[in-house]
Each structure stands twice: as structure tokens, then as C-alpha cells.
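Chains as they are written, first to last, in our numbering: chain L, 1 to 397; chain C, 1 to 397.
To keep things clear, I will list the structure first and then write my remarks on it.
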């Protein structure tokens, strides 16, 4: 069978997405074949870290396979150009604070009037309605408001946030889902849509097991260390090896019996203290002591390979350098060594969305700030060279 | 304007999704208007917690607005029925371990041959190819392998996992995105697709700022407490109030000046030790001491409201009971009080995907195990009552 074309070929995206959340949405669109035009303020968006030096690796990761134009939305002529872009585009993505584009007079209503087929997509921390709408939102504050921080950290110690910007990424991929859903609808109805996600809402299902527990017991957990938010089910922990840490979880009694055999103590598999989940939950400290002692005498790799061979769910606690060099992810093309034109050789991720019938797109270096001004404003919108020079001179583009 | 119909109306989903990941994918599909037929083994999927008592709240959260049939895929006649379902469906979702359906003889190849318009969607921990494909995957092991555990926890102390099942939910929503993308493609090509996501890959962008830092310094972070994975930018922390915790983050110097004024020390805004991000980063301990002292003398609510009024990004560290009762989320309809037919009055979440032009679907209670066997196998597939009785008697359905 011939490889298929990319699933979103022919879809043009006007991308006001910034930093992580909006940029991730449009990255997913670009890697599925959409033509993404990244619109940045002159000087580039914040995540570039300036235009005098190469961009940050995060910027390069999130902006592969996009084109870039510069545009000052504070200028009336800049806003006019945005409307012209939206008139010709299929999707507009933005993750400004709620109401920012409305106040500039270029909100969803006006843009959809200019282009009834436009899908206007907005991602915010807490949504575009409701009493907390104007609460300032970053990943950090959303982690606090969503409950994430309250359940993370060591038992009996202060709460800590989950490392990284998971709320941003969760929000970004939810917005992607909403946009593509509206594209399905538009194929039939011919009409665009306004789609919205809030980071806070995108986090809620993460705690489903804790909500079950709360429903049964009326108690909400504090930080749970390396155990589950729901019912205890030891071994479910992170154990210290001689040179690192290993995560182990026995979901079934058979997992436990296999682990007991691997530890050289097959009798523990039938021991009434440990024979099923309930028994092990009552003897959690002993379970952890037994498993902990076994792991402690081994390197992380030895314990992992032993558990793996025995078909016990386990995994090394890898640091990010190890993840970046993970042979498995490289073999799958999820990570690729790319010669980025500004950064030189770096490891860049492809999209997590895989379409088996199409050849994955080659990863293209992130664009320079304003790199495609002539191509887009001249070639696509039809502005003359004289107009372009004037817009440049006046700092509009 | 008339409210529109739901964007995925007319799309039928054969849903083998279980526990969190696959069930979340099909929940998003159901709430966007697809007709989701949940296929469970007789006795119900694991997350129900048995069929003799009401389901877990997590099950109710994840399975609203679905229909349910029972089906034993270990039985040849069960597999035959699955093929018949797939022949009539648009999408098949599964999150079994890689190769499980292939080994049963009902993998993507066979089902897509039976129905060339079918979108076959699979979510696994590490993907359906590559050396780690058969590594046993749960949220816990994926958190370890993706680097999440390595960066979470207090500085200088052992790593801890992020609370909840974020890897499952991230994987589930990525799979949703892939499915709907394939639906867009099918509207044009008329042909189905195989789409895939891996939980591990879905996590990678969460650590974008840490990868930037690694690129610059060659160092990967260990647990970072409540600070950022990227460049230090105090105040960026969780501070203890008299009755709880408050997250504060100053992204701009203006945020810091506002906070200094609110703390009654406007001079700190201009103090050379704190005047910009770099200076504050060099004096992080002092910044945290100053902000910490201010928060400590207040309740969480007082400090939050003061920061909020001053337009400083801050948020209370809420426990999950508070999140479940959040007035903002209830006002937006993100959370709703529903009289679930088995659980009675509970709080259930709607989908984070919002389509402003359509009236959101009313939340319908999760189905009973096998509730729609007659409707689907009889009404849709056309089996006779005698055949249904026989299949029931033999435990196939």
C-alpha cells in the first residue's frame, strides 16, 4: 500500500500559541501535517529567550515544522493583518489570558464573522467564564488549584509540586483534541466553531482513584509518597538500589508470587500475610522491608532485569539525560538526533501521535523569528514589497 | 443561532478501553457526541470493582454516556462478535498490552480488512514496537521510565512519584487526538487508519524546561521541591500559611514589585538584590524567607486573596475535597451534582473539551455491565432471542 499523505494536510493554522501550552497544541497540528504559521511579537515569543542567540532547546522542541511571522498586535495595522490571516486560515490557536484578544478587538466573534469556517481555539488556566477566570494561571498555580500539589510528596511531610509542566502539556493536548473534533464537524457542517479548554479541568481525571477513595471514606489524601492514591496495594513503591532507584508495583497476586520466587523466597507467595492484596495491604511495612532488602543488594539495572525477566512490573527511576538517550525511544523515532540549524546536533522529539499508514514527517528546525514574513504577508496575503518595508520600518512586523 | 448538534454525532465507537487510559479516551469521545459501546468481559472490567455492588466512583467518572455490552474474547464466538461489531463501527479503542488482540486473531490487520473504514486505536505504555514494547506498563512504571519520578520530591531527598495517574490521562487524551485526526482524514479519503500512542512518549514534553537546562549545563536535575526545573526564578515556591499552603510564582519583575508592595515593603521592588530575575535568583534564600514570613502570618485564604487583589500569581494548595466542591468548576459545569442511578448523589466531571456552539450533553450514569446486550447484539447485529439466550448460557456475553 502507498503511504498516505499526512492526515491534516491542507489545514492552515494561525498560531498565537506561546511557551508550552499553546505551542504544544500547534506542534501536534504541525506534525500531523497542518501548515502552522506561528505569529510572534517582533523580537520573538518569550520562550525563544531573545533573537540575538540561538533559541532555547525547549523552543526548538515545541516549534519544529512551523513557519514564523512577526506581528505586533498592539498596532492597529498589526491587528488588521491578524484578521487577514484568520480570514484565510482554518484554525486560530491562542493561549493568552481570558479576554486579551477581545479587548484588542480581535476576539472570537469578530474573527469568526470574518471567516465563518474558522475554528477559534483558546486554552487558559481556569477557563473563559466563571468566578476564577481572571486568576493568573501558570503551571505552578494550576497544580495548586487542581489538587496535584496536595497529593505529591513524602508522607507526613510538606507537599511538593510534580516536576515539570504537566498541566501545560495536558492542557495543550486537550486543546488539540478539541480543535480536531471541530474539524470533523466542519467537514460535515461547513461551519467553524469556538473551542475551549481549561488547564484546571484537564487535570481532574488524574485523581480518579483518590476520588473513589474519598467517596468511600470521606478522607482526602495528603502527600502519598511513592504509593497509590487509591487503595493500598503493596508492593507499590520506589525502592533504593545500590546505585539508584527502582519502581515496583504488583497489581496481581501472580505478580507477587513471581517476585517472591525471584527474591528466592517462593514461600512468601503463599504466606497468609501476603497471599492477596488485602493481606499485603495489612502488612505493607513488611512487604516493603522484604522487597527493599532485595533491591538494596543489587544495582538498579540488576534488580530491573531480574524483575523484568520474571514478568514483574518494575522500572528504573531514570533521570532526564537517560530518557533523552533512551535506545527504545530512539529506535521508535520518538526521539531523533537532528542537526538543528541554530543549535547544531540535538535530540528532538517527534509527536506522540502516530499514524501508522502515513510516513512520519521529517523533523524540520524551528523557524527564525519573522523568517516567513515575506512568504506569508507577501506571497499569501498579497502585500507589496513597499508595504512590507513600511510595516517593517514601523515595527508592525 | 440554533445550538449545533454534537461534533461527533454519528460516530460509533467499539470501546475495549479499560481502567483509566482507554476509558478516558472513549469518555472524551462519548461527551463529544459519539455513540460509545463499551465492551467488557462478563463480570465487568476491573475498575468496576465487581458487579454485585455499585461501581467505584472512578468507574462512574470515566464511563458516563456510554452503553455497555459483555463479551468474552477468549471464546471463539466472542471474537466473532467483536469482528461483527468492528464491521459496523467507526472506531475501535483498546489499551491492552501490545499484541494481545493480534494473538487472539482479532488485531488491527484483520479488523481493518473486515472494515476498511475502521480506525483502530491502541494505547500502550511503551508502544507497539521497539525493544521495551513488552515492558509491563502501569502509570507507576511509566512515571519512572519517563523521568517524572526523578525530578519530583524535596531537594536532597529521595524522589517521589507525582500523585495520581497523570501518565494514564495524558496517554488517553493523546489517543483521543490521534483518533479524531484520523476521522478528519477519513472524511476526505474514505479510508480508516491505525493510530497509536505510548504513555512514555506522551510525557516527554512535560520536561521541556529541564531539557533546556540540560542542554546548557550538561546537568540533569534531581528532585526540585517546589521550584522550577529550568532556571531559578524566585519567588517560585509553596509557602506555609497558618492553616495550609500557598503557591506563589513571580514570572515578571512587575509581579515581584506588586508582591513587595502587598507585603508592605515596596522598597524590595527596587532593591538591587531583588530588582530582576537574575538578582532574585542569586538571593533565592532571602526571597523565600521574606515571602515565607509574610505568608506564615496569614491564613491561606488571606494570603491568597491579598496576592490575588495585587495581581500576583498565587493559588491555594487545595486538597481533593476542595477541588471537588470548587464553586468555579461547578459554575462552569465542569463538575456537576448528578444523581447516579447506582451511587446516588455524586459529583461527576464533564469533559474538559468545550464546544461553545453546541449545548453540552447531559451527564448520563455509567451503564450496568452488559446492560445493552439485547439492544446491541439483538437490535444492531440482528441476533435472534434464541441466539442471545444461548450466548448468555454459554457465558460468551
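For each residue, glycine too, the CB sits at the ideal point set by N, CA and C.
1) Pull up the distance between the alpha-carbon of residue 325(L) and that of residue 209(C), whole angstroms please.
2) Locate the beta strand (DSSP E) running through residue 14(L), then write down its first and last residues.
3) Rounded to whole angstroms, what's the CA-CA distance from residue 248(C) to residue 226(C)? Just pull it up for me.
4) At least one CB of chain C closer than 8 angstroms to the CB of residue 185(L): is that the case?
5) Which bits of chain L does residue 226(C) rub up against, with CB to CB less than 7 angstroms?
6) Please indicate yes or no: does the CB of residue 34(L) lie closer than 7 angstroms to some heavy atom of the ligand NAD?
7) Tell me where the alpha helix (DSSP H) around residue 363(C) begins and ends.
8) Going by the beta-carbon positions, is the gap between residue 12(L) and residue 88(L) smaller than 8 angstroms?
9) Considering only their Cβ atoms, is the gap separating residue 171(L) from residue 21(L) smaller than 8 angstroms?
10) Where do the ends of the alpha helix (DSSP H) carrying residue 22(L) lie?
11) Thinking C-beta only, is residue 346(C) closer than 8 angstroms to residue 57(C)?
12) Taking the Cβ atom as the reference point for each residue, do residue 241(C) and residue 295(C) lie within a distance shorter than 8 angstroms?
13) Determine the extent of the alpha helix (DSSP H) in which residue 213(L) is found, giving its start and end residues.
14) When the Cα of residue 62(C) is compared with those of 265(C), 127(C), 112(C) and 15(C), which residue comes out closest?
15) In chain order, which beta strand (DSSP E) runs of at least 3 residues are fully inside the stretch 95-136 of chain L?
16) Skipping 5 residues on each side, what residues in its chain have a beta carbon closer than 7 angstroms to that of residue 308(L)?
17) At a Cβ threshold of 8 angstroms, is residue 31(L) touching chain C?
18) In chain order, which continuous runs of the alpha helix (DSSP H) of length 4 or greater are located wholly inside the stretch 307-370 of chain L?
19) Provide the residue span of the alpha helix (DSSP H) that contains residue 285(C), from first to last.
20) Using a Cβ-Cβ cut-off of 7 angstroms (strictly less than) and excluding sequence neighbours within five positions of residue 438(L), which residues of its own chain qualify?
21) What residues in its chain sit with their C-beta under 7 angstroms from that of residue 128(L), if we drop five residues either side in the sequence?
22) Which residues of chain L have a Cβ atom closer than 7 angstroms to the Cβ of residue 357(C), listed in chain order?
23) Nearest CA to the CA of residue 112(C): which residue from 82(C), 200(C) and 147(C)?
24) Give me the Cα-Cα distance between residue 120(C) and residue 192(C), rounded to the nearest whole angstrom.
25) For the candidate residues 138(C), 369(C), 4(C) and 117(C), whose alpha-carbon lies nearest to that of residue 459(C)?
26) Which residues does DSSP list as the beta-bridge partners of residue 236(L)?
27) Taking Cβ-Cβ distances below 8 angstroms as the criterion, which residues of the stretch 289-323 of chain C are in contact with chain L?
28) What separation, rounded to the nearest whole angstrom, lies between the Cα atoms of residue 260(C) and residue 45(L)?
29) Taking all protein chains shown into account, decide if residue 3(L) is buried (16 or more other Cβ within 10 angstroms of its Cβ) or exposed.
30) For the pair the stretch 352-366 of chain L and the stretch 27-37 of chain L, tell me if three or more CB-CB distances fall below 8 angstroms.
31) Is the CB-CB distance between residue 367(C) and residue 86(C) below 8 angstroms?
32) Under a CB-based cut-off of 8 angstroms, is residue 138(C) close to chain L?
33) In whole angstroms, give me the CA-to-CA distance for residue 250(L) and residue 303(L).
34) Based on the DSSP secondary-structure assignment, which residues constitute the bridge partners of residue 38(L)?
35) Short check: CB of residue 397(C) to CB of residue 42(C), under 8 angstroms?
36) Quick check on the DSSP output: what are the complete beta strand (DSSP E) runs of length 3 or more inside the stretch 169-202 of chain L, in order along the chain?
For this structure:
1) Straight-line Cα distance between these residues: approximately 17 angstroms.
2) For residue 14(L), the enclosing beta strand (DSSP E) stretches over residues 12-16.
3) The alpha-carbon atoms of residue 248(C) and residue 226(C) are separated by roughly 10 angstroms.
4) Flagged as an interface residue toward chain C: residue 185(L), by a C-beta distance shorter than 8 angstroms.
5) Within 7 angstroms Cβ-Cβ: 160 and 161.
6) Only the bare structure without any ligand can be found here, which leaves the ligand NAD out of the picture.
7) Per DSSP, residue 363(C) is not a residue of any alpha helix (DSSP H), being assigned neither H nor E.
8) Yes, these two residues count as a Cβ contact at 8 angstroms.
9) Cβ distance < 8 angstroms, so residue 21(L) and residue 171(L) count as in contact.
10) Note, residue 22(L): alpha helix (DSSP H), 21-31.
11) Taking 8 angstroms as the Cβ cut-off, residue 57(C) and residue 346(C) qualify as a contacting pair.
12) Here residue 241(C) is near residue 295(C), since their CB atoms are less than 8 angstroms apart.
13) Note, residue 213(L): alpha helix (DSSP H), 208-217.
14) That would be 15(C), whose Cα lies nearest to the Cα of residue 62(C).
15) Correct list: 119-124.
16) Annotation for residue 308(L): 314 place their beta carbon closer than 7 angstroms to its own, counting only its chain and skipping 5 residues before and after.
17) At least 8 angstroms separates the CB of residue 31(L) from every CB of chain C.
18) Counting whole runs of 4 or more residues, the stretch 307-370 of chain L contains the alpha helix (DSSP H) stretches 320-324 and 327-331.
19) That run of the alpha helix (DSSP H) goes 284-296.
20) An answer regarding residue 438(L) cannot be provided, because it is not within the stretch 1 to 397 covered by chain L.
21) Contacts found: 98, 122 and 196.
22) In chain order: 193 and 194.
23) Looking at the Cα atoms, 82(C) is the closest of the given residues.
24) Note on geometry: alpha-carbon atoms of residue 120(C) and residue 192(C) lie some 8 angstroms from one another.
25) The question about residue 459(C) has no answer here: the residues shown for chain C are numbered 1 through 397.
26) DSSP lists 249(L) as partners of residue 236(L).
27) The stretch 289-323 of chain C vs chain L, Cβ under 8 angstroms: 308, 311, 312, 313, 314, 315, 316, 317, 318, 319, 320, 321, 322 and 323.
28) Straight-line spacing of the CA atoms in residue 260(C) and residue 45(L) works out to 27 angstroms.
29) With fewer than 16 other Cβ atoms within 10 Å, it is exposed.
30) The stretch 352-366 of chain L is in contact with the stretch 27-37 of chain L.
31) At least 8 angstroms separates the beta-carbon of residue 367(C) from that of residue 86(C).
32) Yes, residue 138(C) counts as interfacial toward chain L.
33) Roughly 15 angstroms between the two C-alpha positions.
34) According to DSSP, residue 38(L) bridges with 15(L) and 68(L).
35) The answer is yes: Cβ separation under 8 angstroms.
36) With a minimum length of 3 residues, the continuous beta strand (DSSP E) runs that stay inside the stretch 169-202 of chain L are 193-198.
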